[in-house]
Each structure stands twice: as structure tokens, then as C-alpha cells.
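J.: With the working numbering applied, the sequence shown covers 27 to 130. Input: one structure, supplied below.
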Amino acid sequence: VGTAVVDTCIAFGLVFGVLSNLCFVGSALYALGVWSSAEAFGLPWTESGITDTGVMAGYVFASCALLYAYGGATWSLDARLRPLLGRVAWLGSPSPEEIAALLR
27 VGTAVVDTCI
37 AFGLVFGVLS
47 NLCFVGSALY
57 ALGVWSSAEA
67 FGLPWTESGI
77 TDTGVMAGYV
87 FASCALLYAY
97 GGATWSLDAR
107 LRPLLGRVAW
117 LGSPSPEEIA
127 ALLR
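Structural data, given as C-alpha cells:
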């Protein structure tokens, strides 16, 4: 039941863009935890022809890429929530204006 709740929260955050930065980091850590424990890093590597490392490794890289690319900055609920969050606004993605200021 716990895994289903965590997966649902991550999916809700990714689809609707709610607290995007927290969702990206949380999903990367969750996928890394599943990949390292349940999938055992894609082991055993001793058999010939094994090339599958597991899907969770891809989820880790995808979550980190979305965080790095400021995913959720424009078309997300973060745009509406950002003024209401106050001191914890960093949990959501930055606004396009903040991104432009960072890139100058």
C-alpha cells in the first residue's frame, strides 16, 4: 500500500506540476532506492548477454534531467502556488522570469 501511495503522489506531482522541485528530487531518490534494493542494480552481471539494468535507472536520470531543465516552470500549478508558498517557494519550480535572471 505504501508503494502505491508514493507512486500516486509522484505521478500527481509530475502530471500537474505541484511542488515540482520536491517531486523531481523525491522521485529520483525513490527510483534510486527501488533500483538499488528491489532490482538489485540489474544484477546478476555474471551471465553473458545481460544488458538490462532495470527501468528505475532511467527514472533516476529522467528526474534529474527535469530538475536541471527547470521542468514545470511554465505550464504547472507551481505558477499559481508560488506566491502562496512564501519561504518554501523553492520547493516549486522557478518562474520563467527567475530563470531568465539566473541565466544572465
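Idealized CB from N, CA, C, for every residue including glycine.
(1) Look at the Cβ atom of A88, then the Cβ atom of S119, and state whether they are nearer than 8 Å.
(2) Do A64 and V86 count as a contact pair if the criterion is CB distance below 8 Å?
(3) For E124, which of helix, strand or coil comes out of DSSP?
(4) DSSP state of A64, grouped into three classes?
(5) Output needed for L45: all residues of its chain with C-beta closer than 8 Å, excluding positions within five of it in sequence on either side, in chain order.
T.: Concretely, from the data shown:
(1) no
(2) no
(3) helix
(4) coil
(5) G39, D104, L107, L117, G118
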